[in-house]
Structures are given as C-alpha cells and as structure tokens.
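Heads up: the structure comes next, in structure tokens.
2 protein chains.
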Amino acid sequence: MAEQGQVTLGDVARAAGVSLATASRALNGATQVRADLRQRVRAAAERLAYSPNAHARALAKSSNAGVGVICHDIGDPYFAGIARGVMRAASRHDLQVILGSTFRDPLREISYASMMRGQRVRAMLLVGSGFENREWQESLRRELDLYRATGGRVAVISRHRGVRADAVLPENRGGAAELARSLLALGHRSFAVLSGPLSLTTVVDRLAGFRSALASWGIHLLSTQIVEGAFTRDGGYEATQELLRRGLRATCVFASTDVMAIGALAAFREAGLRVPDDVSLAGFDDIPMIRDLTPPLTTVALPLEDLGERAMEMALLPERPARVRVERVQGQVVLRASTGPPP
Amino acid sequence: MAEQGQVTLGDVARAAGVSLATASRALNGATQVRADLRQRVRAAAERLAYSPNAHARALAKSSNAGVGVICHDIGDPYFAGIARGVMRAASRHDLQVILGSTFRDPLREISYASMMRGQRVRAMLLVGSGFENREWQESLRRELDLYRATGGRVAVISRHRGVRADAVLPENRGGAAELARSLLALGHRSFAVLSGPLSLTTVVDRLAGFRSALASWGIHLLSTQIVEGAFTRDGGYEATQELLRRGLRATCVFASTDVMAIGALAAFREAGLRVPDDVSLAGFDDIPMIRDLTPPLTTVALPLEDLGERAMEMALLPERPARVRVERVQGQVVLRASTGPPP
DNA sequence: ACGTTAGCGGAAAGCGCTTTCCGAAAGCGC
DNA sequence: GCGCTTTCGGAAAGCGCTTTCCGCTAACGT
Numbered sequence: 496m497a498e499q500g501q502v503t504l505g506d507v508a509r510a511a512g513v514s515l516a517t518a519s520r521a522l523n524g525a526t527q528v529r530a531d532l533r534q535r536v537r538a539a540a541e542r543l544a545y546s547p548n549a550h551a552r553a554l555a556k557s558s559n560a561g562v563g564v565i566c567h568d569i570g571d572p573y574f575a576g577i578a579r580g581v582m583r584a585a586s587r588h589d590l591q592v593i594l595g596s597t598f599r600d601p602l603r604e605i606s607y608a609s610m611m612r613g614q615r616v617r618a619m620l621l622v623g624s625g626f627e628n629r630e631w632q633e634s635l636r637r638e639l640d641l642y643r644a645t646g647g648r649v650a651v652i653s654r655h656r657g658v659r660a661d662a663v664l665p666e667n668r669g670g671a672a673e674l675a676r677s678l679l680a681l682g683h684r685s686f687a688v689l690s691g692p693l694s695l696t697t698v699v700d701r702l703a704g705f706r707s708a709l710a711s712w713g714i715h716l717l718s719t720q721i722v723e724g725a726f727t728r729d730g731g732y733e734a735t736q737e738l739l740r741r742g743l744r745a746t747c748v749f750a751s752t753d754v755m756a757i758g759a760l761a762a763f764r765e766a767g768l769r770v771p772d773d774v775s776l777a778g779f780d781d782i783p784m785i786r787d788l789t790p791p792l793t794t795v796a797l798p799l800e801d802l803g804e805r806a807m808e809m810a811l812l813p814e815r816p817a818r819v820r821v822e823r824v825q826g827q828v829v830l831r832a833s834t835g836p837p838p
Numbered sequence: 496m497a498e499q500g501q502v503t504l505g506d507v508a509r510a511a512g513v514s515l516a517t518a519s520r521a522l523n524g525a526t527q528v529r530a531d532l533r534q535r536v537r538a539a540a541e542r543l544a545y546s547p548n549a550h551a552r553a554l555a556k557s558s559n560a561g562v563g564v565i566c567h568d569i570g571d572p573y574f575a576g577i578a579r580g581v582m583r584a585a586s587r588h589d590l591q592v593i594l595g596s597t598f599r600d601p602l603r604e605i606s607y608a609s610m611m612r613g614q615r616v617r618a619m620l621l622v623g624s625g626f627e628n629r630e631w632q633e634s635l636r637r638e639l640d641l642y643r644a645t646g647g648r649v650a651v652i653s654r655h656r657g658v659r660a661d662a663v664l665p666e667n668r669g670g671a672a673e674l675a676r677s678l679l680a681l682g683h684r685s686f687a688v689l690s691g692p693l694s695l696t697t698v699v700d701r702l703a704g705f706r707s708a709l710a711s712w713g714i715h716l717l718s719t720q721i722v723e724g725a726f727t728r729d730g731g732y733e734a735t736q737e738l739l740r741r742g743l744r745a746t747c748v749f750a751s752t753d754v755m756a757i758g759a760l761a762a763f764r765e766a767g768l769r770v771p772d773d774v775s776l777a778g779f780d781d782i783p784m785i786r787d788l789t790p791p792l793t794t795v796a797l798p799l800e801d802l803g804e805r806a807m808e809m810a811l812l813p814e815r816p817a818r819v820r821v822e823r824v825q826g827q828v829v830l831r832a833s834t835g836p837p838p
C-alpha cells in the first residue's frame, strides 16, 4: 500500500503459504490446484489487493491481450459509430483497446502502427479510407508486413490500396451507383458532387460509382459541378458555397458523406435554396443524427456499429488463411425528404 | 522475419558488434555513446526492422507510456468530442491511449479500471457522470485508491461523488441555473424537464440548478412535468411522448442533454407541436450537430474538446499535490431559435 | 502389501529490456 | 613520462510473471 509498493505474485504466494508457481496456477486456473489451496491463494490476493502486472504477464507469455484501432478522427460520428462496435466486440473477447486518432496525418498513422507493433497487440484495425499517396502507402505496408511477420493480424475497414489485409468493405461504388439510380428515377438529370478529399480511396470510389451510374444514362458530370472539400461539416459548407459561386447547374447534389451533407444543407438554407424543392441533397453513411435534420437526409445507410464488430471479429479469427478475407457490406439507399423530384 | 521470430535488442547488438547494454543506450540516447557506434546500432536496428518490446521495457522501467480513458459510450457525440481532446493531449505527450466504453454498466467501469491498474497506466481518466449508487461508488473508490497507492494519477471529468480526484467540472448547476434565468427572461413561467437517469450526478446537478433558479422566482416544477429517460436520442423521444401523454403543462422544456433534446424535437414535431411557437426547447452540452437542426437548439455550451485536453493535462501534472485540483468550466448559454417567448 | 501410475507442487529458467556497477582505455596536469 | 581523473562499454542483476521439468505423495490394481 506504500507509494512505491507493488504487490507481486511472490507476496501473495508467501501470504498464502504456497510457492510462487502454485500461486500463479491457482489464480489462472489452468492446471489443477487443490481447491483449498486455490481458495487460500485467492483470499490472499484479495487481501493484499493484488493486481497482476500485465506487462510481466505479456512478456512471459509473449502475447498481449490488446488490440489496436487506428482511425482518422474519433470525434467524427462515422468513426464514433464504428468505434462503438469495436468496443463491444473487444469487450466480448476481454481485450483492451488501444486507440489512435490520426487527425488525418499519415505520419501519425504510421507512428501509431509502429507503436502498436511495439505493444505486440494481437490485432490491428485500420478504420477509414487510406491515403492515395504512394509513398505513405509504401511505408504503411512495410510497417504492417513487419507486424504480421511476427504473427500480428491486420484488418481494415473500407480501404487501403497497397495494404493486403482482411477487410470489411462497404460497397462504396455500388452504393453510390445505387443512389444515383434512385435519384435518376426521381427524375433528376443534372447533378453536382461535393466530394471529400480525392486523396482518399473511399471518396474516389463513391465518386466513381456515382459517375458510372450516370454514365450509363448518358449523363456526365461537369467538372465545374464537382467541388472538393474537407471531410467535415464545414468542409461541406464551404464546398457548397464554392459550388454556388460557380453557379449551380444541377437539380440534385450528392455529398460524399453525411457529415458534408449537413454542411451543405446549412449553406443551401443560407443561400435561400429550399431542399428538396429547389435542390435535392443526398449523403452517404447514415450517421444517426441526419434522421433528425429538416429535411431528413437521403443517404446510403451503412451499418456502422456492425462494421466495427465484424472487422474486429475478423481480425481475431484463429489463423490467417492463405488468401485475405473480404466481407463486402452493401449500403442501403434510404430515401428521405431531402430528395424529391426536380423542380 | 520468420513467423515466430522476434528481433530483440540482443540481435541488434550482435549485428552491430556491440554489447547489449551499449545497444540499449545507443537507441535511447540517454547516456553517452560514441557517435559512430550509435550510428552502427541505429543502422543495424533499421536493417533488422527492430521494434522494441514495449512490455519488456515497461517491466524493466516499471513505468508505462499509456493512459487509460473510461467513458460511458464512445459513440455518443458528447464523449466523442471529449475523446478528441484527450487524443490530442495524449499525442502531444507521446502516450498511448487505452479506451474503455462502459455502455453504462458500472461493473464494466470497475473492470476497466482494474484492468488499467494491471496495465500500470500512468494516469486514468474517468469521463462522464458517476453512478449515484453507493455500492458502486465504494467499489470504484477502492479500486482507484489502490491504483493511486502505486503512484497512479486519476482525473475525472464531471462527476463522481465518492471519488476524490483531480477534476474538470463543468458547472452543471450554474449552467442550468443560468439557462433557466434566460428562459425566464424570455417570459416562460411553466417548465417541464426531460431528465436523464437520476442515478447520474450530472443529471441531478443540472436538474437542481434549473430548479433552484426557478425557485428564486417562486416557480416550482410539477412532478408530473419531470420525466426520466435514457441518455439517448430515443430516450429523449420517449420521455417526450410520456410527457405529452401526461399532458404538457409547460411552455418550455429543458432536456438534460442535447442528445435527448434531439429526440424531443422529433417527438414534438410528430405530435404537431411547433418549436418554438408552441413550446420552447433547450438542451445542454452544445454537441456540434445541434446547430444544424431546425430550429437550431438553445443550449448550454461546454467546450468539449477542451474538457478532454485539460483533464488529460491535469492528470499528467508532475506530482499530486496535497489537495485535489479542481478546474471549473463555465457553461455558456447559447440562445438559438428553439427557444422564444411563450405562446 | 508392494509395484505402478497419475497428479500436485516447488525450483528454476527464461521473456526482452534497463541500469547499476566496474574495469579498461583514454585524456589531463605537472 | 607518470599518476590521476574522466569516459565508455560490458557483464550481470533484476523487473514480475509463466511454464517446464522433476521429485514427491497419494491412489490404484492385483
């Protein structure tokens, strides 16, 4: 109980009058120990407020009861939703979660990965689209390869050209295409896109899917009608303002993510444009809050919490099979009041 | 590079042709090592893709470069915002973050705390109101005392009767009182409250503050006009429905948190009540999204990200002083369009 | 009642790293 | 040029736990 004092297994053993080895076995319950002894050890441990040193244990067993999770921004509802699923899964497996939030800095992503490798985490989860930059992809891939070489498991959610790993992949292309078809069915023939940073694969895929669906109707996106913005509410807001400055030549706007769409909604409102009467607006992800906007936002729904749970489970599966596993997750188009027929 | 192979400091030392001790010093840079040797060691480490085993290091130094953070629900925007601040601070100090999400289960809270004690984290951060249950408080307090007895530091955000720890305390009472005064100033004289679970100190404080401000105007809350609900959007939604069933006898409704207020807004809309024309609505916290609701929500703004950063910094301060430190954080009443004069 | 087998508990060898303690080598003054 | 101080690098002792290896006791069969 002293400031410096750490109660060790040895102390417990002594207090219980057994050997160190017996104490260890009694507490971990693997091998047989006489019931009364086990009881005595347990009691001693309790009495001394013994707390096994996780590092010593990890070192001795050369395995660790932790997993690492790296995301772009834990404050973003998209990641927060996924993180919730991850926590659930981890808790089921009695694994602690080490969290990294890169704030979209690729360097930080790599440094987190490296730190987690040093921690010898059981598995690593990369959440969110990777960076399109070859150099970083390369660094990250190297880091992950090293990690796997020592038996680590890697899974990713939605991403990462250049990283060969088990993956839970939202159908970004397919979802966006499906959304485009729904919008076409509403009668829209001219579109604009508020795109996230085109350095992210997710963004590229969603744009590609959307575009290809339009193309098969012979509709092309004007380059002036694609505005790139940050992956945030304000990014969407500003991109929309830019779009309006350029002159909106579309009856329907697709934002790469719901978060951006929220910003767009605000910008439209400020500009005096009514959604969906003057312009329709759709997003992607189905983060919880958008149901409560006015109007509620049309989107492609992703089961965020599931995504997290499934990726975690996947990373925890027994042995790495020869081929990477890929679980594709369909997005579900949800038409809400933010989209309607063109004016 | 083999499946099992872990590159150790010994391997690096051998490859560099120096002793193990020298290798350690060369890499950590504390003591003097000849420049050329250090270079050789660095090169060898690089070549072998050496990754220091964090557990071995933690064990040897008996100190760990991690902090633990326990919150109720990482998926909740309130915690997500705080978590963002925490991550920033931790990243500044090169500390890894172990995250626990209790999903409002006190048992899980205690088990996280205990696990983090086992991890010998440098500091522990408890985020979110504590449970009002004496028994849990007691268990948690014991766990934390044990943790501190071995030199651990604890800080809390917003909470925890029974836990004596450095704290960042949002002025829940004061903020709610201030809000009440603003609402009174708008002309309201009859109020209803959508309260979160009364087992949480935060909720109790906010209710008390609100109530006391009313009391000084001689206004009392009818017990039928206080409805308890879960701390979620749906909790707010259902509590509002219950309130309507009981008969709304108020011109203004105060929800303990913004998240609940969002549910309330939906429920009012469904019931055909216009906000703020028929009823005014206010929340607490100022989570980002409520600015974009229709109408934008009046609330008491808390600097969420700051809260996280400050608590983290506080927990990391050099030595524990004799008295616990307390930083009080004022909430700022932000009047938005969800409140107006009574009908 | 004796030999055999099974099973329990103790001693000890690590797990990979840090760090103290020392001896050796190098640099300095007079 | 000799003795002394100063550095620098190596050997070794842990950090707290798990686990193998073994000796011992107890239980069983005939």
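Going down the list, the sequences are from chains A and B.
Going by the working numbering, the first residue of the first sequence is number 496, and it counts up by one from there.
Going by the working numbering, the first residue of the second sequence is number 496, and it counts up by one from there.
Don't be surprised by glycine CBs; every beta carbon is placed ideally from N, CA and C.
Annotation for B/Phe626: Pro601 and Ser694 place their beta carbon closer than 6 Å to its own, counting only its chain and skipping 5 residues before and after. Where B/Leu679 is concerned, the enclosing alpha helix (DSSP H) starts and stops at Asn667 to Ala680.
Taking the beta carbon of B/Met610 as reference, the chain A residues within 7 Å of it are Gln591, listed in sequence order. Classified as exposed, A/Asp531 has fewer than 16 neighbouring CB atoms from the shown chains inside 10 Å of its CB. When only Cα atoms are considered, A/Thr517 and A/Ala508 end up about 8 Å apart.
As computed with DSSP, A/Met807 is found in no beta bridge at all. Taking 7 Å as the threshold, the shortest C-beta distance from A/Gln614 to chain B falls below it. The Cβ-Cβ distance between A/Pro771 and A/Thr696 does not fall below 7 Å. Sixteen is the threshold: since fewer than 16 other Cβ atoms of the shown chains lie within 10 Å of the Cβ of B/Glu765, the residue is exposed.
Boundaries of the beta strand (DSSP E) harbouring B/Arg823: Val821 to Val824, taken from the DSSP string. With a 10 Å radius around the Cβ and a threshold of 16 neighbouring Cβ atoms, B/Gln614 comes out buried. CA-to-CA, the gap between A/Val699 and B/Pro836 works out to about 48 Å.
Listed along the chain, the chain B residues whose CB falls inside 8 Å of the CB of A/Asp568 are Arg579. Using a CB distance cut-off of 7 Å, B/Pro547 counts as an interface residue toward chain A.
When DSSP states are grouped into helix, strand and coil, A/Leu788 belongs to the coil group. Distance between B/Gly576 and B/Ala538, taken at the CA atoms: about 41 Å. In the displayed model, A/Gln501 falls within coil according to three-state DSSP, outside both helix and strand. For A/Phe779, the closest C-alpha among the options A/Gly647, A/Val622 and A/Pro572 is that of A/Pro572. Interface criterion met: the Cβ of A/Ala575 is under 7 Å from a Cβ in chain B. Ranked by how close their Cα comes to the Cα of B/Arg654, the residues B/Gly623, B/Leu788, B/Arg786 and B/Gly580 have B/Gly623 in first place. Check the Cα spacing between B/Arg629 and each of B/Val562, B/Gly657 and B/Ile785: the tightest is with B/Gly657.
Of A/Arg668, A/Phe726 and A/Arg529, the smallest CA-CA separation from A/Ala708 is found for A/Arg668. Boundaries for A/Leu830: no alpha helix (DSSP H) harbours it, and the DSSP string shows neither H nor E there. Judged by beta-carbon spacing, B/Ser751 lies within the 7 Å limit of B/Arg701, meaning their Cβ atoms are closer than that value. The CB of A/Thr793 never comes closer than 7 Å to any CB in chain B; the least such distance is about 16 Å. Look at A/Phe574 here: in three-state DSSP terms it is helix.
Spanning the alpha carbons of A/Ala762 and A/Thr735 requires a straight line of approximately 6 Å.
Taking 7 Å as the CB threshold, B/Ile757 lines the interface with chain A. Using a C-beta cut-off of 8 Å, the stretch 711 to 731 of chain B makes contact with the stretch 672 to 686 of chain B, since at least three inter-stretch Cβ pairs fall below that distance. Proximity of B/Thr789 to chain A, defined by a Cβ-Cβ separation below 7 Å, is satisfied. Taking C-beta separations shorter than 6 Å and ignoring five residues to either side along the sequence, the partners of B/Ala745 in its chain run Ser685, Phe686, Ala687 and Gln720, following chain order. Straight through space, the alpha carbons of B/Ile569 and A/Ile565 are spaced by roughly 14 Å.
Comparing alpha-carbon positions, the option among A/Arg599, A/Arg579, A/Arg820 and A/His567 lying closest to A/Glu804 turns out to be A/Arg579. Non-local beta-carbon contacts of A/Ala585 in its own chain, meaning distances under 8 Å to residues more than five positions away in sequence, involve Val562, Gln591, Val592 and Met807 in chain order. Look at B/Ala551: its C-beta is under 7 Å from a C-beta on chain A. Nearest CB-CB separation between A/Thr735 and chain B: not below the 7 Å threshold.
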